[in-house]
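Notes to accompany the following structure.
In our numbering, the protein residues as written are 172 to 374.
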């Protein structure tokens, strides 16, 4: 059982090191005091806007896409989706309407940094590492555990169940991180504890 446990620890460490090593260029950093989040060219981001139309309607917009480049006053995103939630002030009941726009690949649009109030950042390498860890944990729990629990032709069921339990627990944790824990939001217009955007080569 301990051999399998150390194997899982080794796999986790390898996945973590893989997630930290990347040749992808850094686009910008989000900083707040001593904290910082690095955003690379392959990272998936979500931009959140609170705007108003010419008729006074409130628009909450969420833009999802891959970072293309950034300038001193704007950011270019290769779009995947744009979602608008409009609250129409002309209706007495303040009618809501949600519109989702899908985009073709390589569609790049520019957005003003001054209009963004929050940036959500996804670490793709971390997601990939969690996927590798998930696969390794499932293989260990379902295939490896019965093999390492064989002693003199007899199956040590308590040991097999213990190994499978640990492995499937790790699998469930990695699945949760990959599915739910990927986005970290950074308010950049907050009155308190706002994040700042730092670029290495603004133009």
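Note that beta-carbon positions come from the ideal geometry of N, C-alpha and C, so glycine has one too.
Closest by C-alpha distance to residue 334, out of 344, 308, 346, is 308. The criterion of a C-beta distance shorter than 8 angstroms is not satisfied by residue 235 and residue 206. When secondary structure is reduced to three states using DSSP, residue 286 falls in the helix class. Here the alpha carbons of residue 318 and residue 252 stand approximately 46 angstroms from one another. Using a 10 angstroms sphere on the CB of residue 311, the tally of other CB atoms reaches 16 or more, which defines it as buried.
Secondary structure note for residue 319: it is in no beta strand (DSSP E), and the uninterrupted alpha helix (DSSP H) holding it is 316-319.
Counting only runs of 4+ residues, the alpha helix (DSSP H) found wholly inside the stretch 326-355 occupies 328-351, in chain order. Annotation for residue 235: the continuous beta strand (DSSP E) segment containing it runs 229-241. Between the alpha carbons of residue 202 and residue 303 lies a distance of about 30 angstroms. Judged by beta-carbon spacing, residue 289 lies within the 8 angstroms limit of residue 358, meaning their Cβ atoms are closer than that value.
About 7 angstroms separates the CB atoms of residue 198 and residue 240; that is less than 8 angstroms, so the two are in contact. Residue 365 sits in coil when the DSSP states are folded into three classes, being neither helix nor strand.
Secondary structure at residue 291: strand, using DSSP grouped into helix, strand and coil. Under the 10 Å beta carbon count, residue 314 is surrounded by fewer than 16 other beta carbons and is classified as exposed. According to DSSP, residue 279 shares a beta bridge with 249.
DSSP lists 231, 269 as the bridge partner or partners of residue 256.
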